[in-house]
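Residues -26 to -1, 1 to 318, numbered by mature numbering (1 follows the signal peptide of the UniProt record, and there is no 0), are exactly what the sequence shown covers, in order.
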Amino acid sequence: MTKRRTVLGLLGGAAIGALAASSAFAQEVTLKLHQFLPAQANVPKLVLDVWADNVEKDSGGRIKVERYPSMQLGGKPPELMDQAIDGVADIVWTVVGYTPGRFPTTEVFELPFIMTNARAVSHAYWDMFEKHMKDDEFKDVHILGTWVHGPGMIHTKDPVETPADLQGMKIRGGGRSVNSLLTKLGATPVGMPVPAVSEGLSKGVIDGTTIPWEVTTSLKVPELVQNHTEFEGKALYTLTFVLAMNKAKYESLPDDLKAVIDKNSGAEFSVFAGGTQADADGPARQIAVDLGNNIITIPADQTEEWRKLSQPIYDEWVADMNARGKDGQALLEEAQMLIEKYSK
């Protein structure tokens, strides 16, 4: 009897061990999410943390997302995409324009006066990504979301009411299209990642910057400049973003955890991200109002001079896409059609 109990006990212990092993096998996955803004900034707080929390919850705790703000894993913001591709980070959030010309199709959404609102453009961007970019420009990475920020505008030390006011100003631009726009408008563009803007303004390296309202809060821009130029109707510009995951890491996940990632990715998430980022514009603008700053609003019917000066950027982008073997005009028209569709 004693021998039989011993054998049963051993078998029971083996069963418990097997269950523990299978539970470990069903295992927990840790994903490192890397990005360039402070943790308290709007995008990390209102978009990335929400995404990460949802993934952790939907996975029943089997996925843990470690968040690394302010480039804590090392490197510089323009290196983020390669960090995702090379596996330095499992997931990155980045400005596509930090690598100029590398993902040129995204730039169709950055063209001057094409942007209506962030939700519509983010949805159009996802559609275009799936059709034209997923297996081409972004083939080396697994894209989780594509979106744009709210209306892009100009924040300067001296007031800007017409393009002539930009003559001689050194203005920070966030990407190739924006820098080209600044040049056409008469300014001198300065390439500079967002985190460097505060220091650039305080030291006089730049006279102003192009960013949406919502980013001004974390960068203390309303305290560093007193003039803000915004546009009624279609925006002067916007920038494109991606939330990108290392392809091998995604493919190594068991199917049920892939399903969790998929559930929290795609068109719906992209619209949420773009819309949430744009919704933060209002409170940020109010800070500038409360400080007594000078807010210049260019009426939609007075943008003709701005539009005329920026028109060559369309022609240059179409020609560039044609040279890459893509039909630039067709892509432009498709983007405009989708933006109009989702703006209704």
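Each residue gets a CB set at the ideal place from its N, CA and C atoms; glycine is no exception.
Next item on the list: Given a cut-off of 8 Å, decide if Val168 and Leu47 are closer than it, judged by their beta-carbon atoms.
Entry: no
Notebook entry, point to check: Just how far apart, CA to CA, sit Glu206 and Thr157?
Noted result: 22 Å
Next item on the list: Throw me the rounded Cβ distance for the Pro186 and Met127 pair, which I believe falls under 8 Å.
Entry: 7 Å
Next item on the list: List the residues that DSSP assigns as beta-bridge partners of residue 353.
Entry: The first residue shown for the chain is -26 and the last is 318, placing residue 353 beyond what the model contains.
Notebook entry, point to check: Within 10 angstroms of its Cβ, does Thr68 collect 16 or more other Cβ (buried), or is it exposed?
Noted result: buried
Margin query: To the nearest angstrom, how far is the alpha carbon of Met311 from that of Glu104?
Written below: 16 Å
Next item on the list: Using DSSP bridges, identify the partner residues of Trp121.
Entry: According to DSSP, Trp121 bridges with Phe215.
Notebook entry, point to check: Can you round the beta-carbon distance between Ser317 and Ala94 to whole angstroms, since I take them to be within the 8 Å contact cut?
Noted result: Between Ala94 and Ser317 the Cβ distance is about 4 Å, and since that is below 8 Å, they are a contact.
Next item on the list: Compute the Euclidean distance between the alpha carbons of Ile270 and Val195, then round it to the nearest angstrom.
Entry: Roughly 16 Å separates the two Cα atoms.
Next item on the list: Could you check if Pro133 is buried or exposed, using at least 16 other CB atoms within 10 Å of its CB as the buried criterion?
Entry: It counts as exposed.
Checklist line | Tyr316 - containing alpha helix (DSSP H), residue span | finding: Gly302 to Ser317
Next item on the list: Report the residue ranges of all beta strand (DSSP E) runs contained in full by the region 222 to 285; include only those spanning at least 3 residues, in chain order.
Entry: 268 to 272
Next item on the list: Let me know the secondary structure DSSP gives Leu(-8) once reduced to three states.
Entry: Confidence is the limiting factor: at Leu(-8) the pLDDT is only 38, short of 50, which leaves the residue's position unreliable, though a coordinate-based value still follows. Of the three classes helix, strand and coil, the one that applies to Leu(-8) here is helix, per DSSP.
Checklist line | Per-residue DSSP class, three states only, for Met166 | finding: coil
Notebook entry, point to check: Can the beta-carbon of Leu305 be found closer than 8 Å to that of Leu217?
Noted result: no
Notebook entry, point to check: What residues in its chain sit with their C-beta under 7 Å from that of Glu111, if we drop five residues either side in the sequence?
Noted result: Phe77 and Thr79
Next item on the list: Return helix, strand or coil for Met127, following the three-state DSSP convention.
Entry: strand
Note to self: So, does the region 163 to 183 touch the region 140 to 155, judging by three or more C-beta pairs under 8 Å?
What the structure shows: yes
Check: In angstroms, rounded to a whole number, what distance separates the CA positions of Trp280 and Val29?
Finding: 43 Å
Margin query: Please report the distance separating the alpha-carbon of Phe243 from that of Asn296.
Written below: If I take the Cα positions, the gap works out to 31 Å.
Item checked: Among Met45, Ile235, Ala258 and Asp229, the one whose alpha carbon lies nearest that of Thr190 -> Of the candidates Met45, Ile235, Ala258 and Asp229, the one whose C-alpha sits nearest the C-alpha of Thr190 is Ala258.
Notebook entry, point to check: Below 8 Å between beta carbons: does that hold for Val234 and Ile37?
Noted result: yes
Checklist line | Own chain partners of Asp275 with C-beta closer than 6 Å, once the 5 adjacent residues on each side are dropped | finding: none
Item checked: Arg(-22) classed as buried or exposed, judged by whether at least 16 other C-beta atoms fall within 10 angstroms -> Residue confidence for Arg(-22) is low, a pLDDT of 48 falling below 50, so the modelled location carries little weight and cannot support an answer.
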